[in-house]
Amino acid sequence: MRTKEDDFEIFNLRIIHRKNRTGFEENKDFPIVIYSIIGGRYYVTEFLGSAAFSKVVQAHDLHLGMDVCLKIIKNDKDFFDQSLDEIKFLKFVNKFDPADERNILRLYDYFYFQEHLFIVTELLRENLYKFQKVHQESDGEPYFTLPRLQVITRQCLEALSYLHDQGIIYCDLKPENILIKSYRKYEIKDHVSLYVQSRSYWAPEVMLGLSYDQKIDMWSLGCILAELCSGEVLFPNEGIVMLLARMIGVIGPIDIEMLRKGQETHKYFTKEYDLY
Numbered sequence: 001m002r003t004k005e006d007d008f009e010i011f012n013l014r015i016i017h018r019k020n021r022t023g024f025e026e027n028k029d030f031p032i033v034i035y036s037i038i039g040g041r042y043y044v045t046e047f048l049g050s051a052a053f054s055k056v057v058q059a060h061d062l063h064l065g066m067d068v069c070l071k072i073i074k075n076d077k078d079f080f081d082q083s084l085d086e087i088k089f090l091k092f093v094n095k096f097d098p099a100d101e102r103n104i105l106r107l108y109d110y111f112y113f114q115e116h117l118f119i120v121t122e123l124l125r126e127n128l129y130k131f132q133k134v135h136q137e138s139d140g141e142p143y144f145t146l147p148r149l150q151v152i153t154r155q156c157l158e159a160l161s162y163l164h165d166q167g168i169i170y171c172d173l174k175p176e177n178i179l180i181k182s183y184r185k186y187e188i189k190d191h192v193s194l195y196v197q198s199r200s201y202w203a204p205e206v207m208l209g210l211s212y213d214q215k216i217d218m219w220s221l222g223c224i225l226a227e228l229c230s231g232e233v234l235f236p237n238e239g240i241v242m243l244l245a246r247m248i249g250v251i252g253p254i255d256i257e258m259l260r261k262g263q264e265t266h267k268y269f270t271k272e273y274d275l276y
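Written as structure tokens, this is what we have:
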């Protein structure tokens, strides 16, 4: 007999604290101290950067003897909840890829320490956005040659195929979310998004307020590959009407049936389906 408990999964969150100590931390922001040890296990070696709701450091796992990426989530309820979703996502996709063959970021550990949630993942190199920017500023030969783009394409398609087979739409594929593991290996990073796609990588159906499926990830990947090949964003974010105008200029008119059914069409098109 199926019970309501069968609809739920449970995972434990380790809480690490100093012995014989209670109370709140003096500082709500976790201090990043190079060469310090976090949670009695992770030896901090380098500050890697910060984002809206986290800081990221490189650390050495003293238990396993390897370098890892340590994400420190800001002390905020919404950020905490969003990061729990990130953990659930990575646990789920890693579960069905035990041999690490699907080009998805690996989750190693997670815990709560000094009023902050920590997420430990494999340590990867730069993302494709930063990598391309550095090469452009160096005035060297273009890095993303056709053979390299073919490698990136194949590995991203393998990752997306795996996610789609699990019923997951990634929803925010962009150069910042594709990280380099080695010079011939690329991985899609962890992802929990409160919105559907970044504007420059928006699929038309998302823009027009239509129902969407896994195909929006394929649109985003196509935009990324064009950007890596040319060195320029294919559809720069200069407002939605301008985005639509650029799309029409590149791929031709949008299907009339899509325009008719789109819940957002009236915001950008006249009754005759001309752009405002």
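At position 238 of the sequence shown (counting the first as 1) the number is 238 in UniProt numbering, and the numbers step up by one without a gap. Where is the CB? At the ideal position from N, CA and C, for every residue including glycine. Being a predicted model, the structure only gives us computed values, none of them experimental.
- Query: With respect to the alpha helix (DSSP H) encompassing Glu137, which residues constitute its N-terminal and C-terminal limits?
  - Reply: That run of the alpha helix (DSSP H) goes 128-137.
- Message: For Glu25 and Thr153, I'd like the C-alpha separation in whole angstroms.
- Response: 46 Å
- Query: So, using beta-carbon positions, are Met247 and Leu208 closer together than 8 Å?
  - Reply: no
- Query: Can you list, in chain order, the stretches of the beta strand (DSSP E) that have 3 or more residues and sit fully within the region 65-108?
  - Reply: 66-73
- Query: Pick from Tyr129, Asn127, Ser200, Met218: whose alpha carbon is nearest that of Ile169?
  - Reply: Taking only the C-alpha atoms, the option nearest Ile169 is Met218.
- Task: Measure the CB-CB distance between Tyr42 and Asp61 and report whether it falls below 8 Å.
- Result: yes
- Query: Given a threshold of 16 other Cβ atoms within 10 Å of its Cβ, counted over all protein chains shown, does Leu146 qualify as buried or as exposed?
  - Reply: exposed
- Message: For Asp100, tell me which candidate among Glu264, Lys185, Ser200, Ile254 has the shortest Cα-Cα distance.
- Response: Cα-wise, what sits closest to Asp100 is Lys185.
- Task: Report yes or no: do the region 72-84 and the region 107-119 share at least 3 C-beta pairs separated by less than 8 Å?
- Result: yes
- Are the beta-carbon atoms belonging to Asn177 and His116 less than 8 Å from one another? no
- Message: Suppose the cutoff is 8 Å on Cβ atoms and the five residues either side in sequence are ignored; what does the same chain contact list for Ser211 look like?
- Response: Glu205
- Buried or exposed: Thr22, going by 16 or more other Cβ atoms within 10 Å of its Cβ? exposed
- Query: Roughly how many whole angstroms lie between the Cα atoms of Arg18 and Ala159?
  - Reply: 40 Å
- Just list the alpha helix (DSSP H) runs in the region 134-219, keeping only unbroken ones of 4 residues or longer that don't cross its boundaries, in chain order. 146-165, 204-207
- Item | Close beta carbons around Leu243, own chain, < 6 Å, minus the five adjacent residues each side | Answer for Leu243: Phe235, listed in chain order.
- Please determine, among Ile32, Leu105, Lys261, the residue with the shortest C-alpha to C-alpha distance to Ile73. Per the Cα distances, Ile32.
- Message: Which residue wins for smallest C-alpha separation from Ser54, given the options Phe8, Val120, Lys88, Met66?
- Response: Val120
- Query: What do you reckon, are the CB atoms on Pro175 and Leu128 nearer than 8 Å?
  - Reply: Judged by beta-carbon spacing, Leu128 lies within the 8 Å limit of Pro175, meaning their Cβ atoms are closer than that value.
- Item | Bridge-paired residues (DSSP) for Ser50 | Beta-bridge annotation (DSSP): Ser50 is paired with Lys55.
- Using DSSP with H/G/I as helix, E/B as strand and the rest coil, what is Tyr268? helix
- Message: Are the CB atoms of Ile34 and Ala59 within a distance shorter than 8 Å?
- Response: In this structure, Ala59 keeps its C-beta atom at 8 Å or more from the C-beta atom of Ile34.
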